[in-house]
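First up is the structure itself, then whatever we jot down about it.
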Ligand SMILES: [Zn+2]
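Numbering (this note's numbering), first residue to last: 8 to 133.
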C-alpha cells in the first residue's frame, strides 16, 4: 500500500477516510438514545499515512447529519510494527524499512499499523 505524496491525491486519501467515518457512524447515531456527538476517538495505524490535521479538515468538509455536525476528531496514531518470520523478533518500524533488525531477513509480517478503528464516540443524552 503506497501513496504518492503529491498534493491532490494526498488530500483525497484523508477525505476517503473522513467519508468512511461518516458512513460508519450515520446508522449508529440514528439511534434515538444518542444525542449530538461531541467527540469521535479514532485509532489509526501508521501504515495509513494519515495526517491528523488533514483528516480533521476532510471530516469538517464531509456532508453529514445534524448529530455528527459538531463532532471533534481525536486521532491516535498507532505505531507500525513488524515481526520477523525467521526469528520472531518484533520491532517498531520508523523509516519504511521492513527488514529484521535482529537477523537481517526481510521476511517480516506487519503486526500493528494497519488499524483504522473508531474506538469511542462521546455524545450528549437526549
Ligand atoms: Zn529476524
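C-beta: ideal position from N, C-alpha, C; glycine also.
- Residues 36, 41, 42, 43, 44, 130 of the same chain have their beta carbon placed closer than 8 Å to that of residue 74, with the five preceding and five following residues left out of the count.
- Residue ranges of uninterrupted beta strand (DSSP E) with 3 or more members, entirely inside the segment 99 to 125 and ordered along the chain, are 115 to 119.
- In this structure, the straight-line span from the alpha carbon of residue 115 to that of residue 121 is close to 15 Å.
- Measuring C-alpha to C-alpha distances from residue 102 to each of 70, 34, 56 identifies 56 as the nearest.
- In the three-state reduction of the DSSP assignment, residue 57 falls in the coil class, being assigned neither a helical nor a strand state.
- Residue 62 carries a helical assignment under DSSP once its states are collapsed to helix, strand and coil.
- Three or more beta-carbon pairs separated by less than 8 Å are not found between the segment 59 to 69 and the segment 91 to 99, which leaves the two stretches without contact.
- Non-local beta-carbon contacts of residue 113 in its own chain, meaning distances under 8 Å to residues more than five positions away in sequence, involve 105, 106, 107 in chain order.
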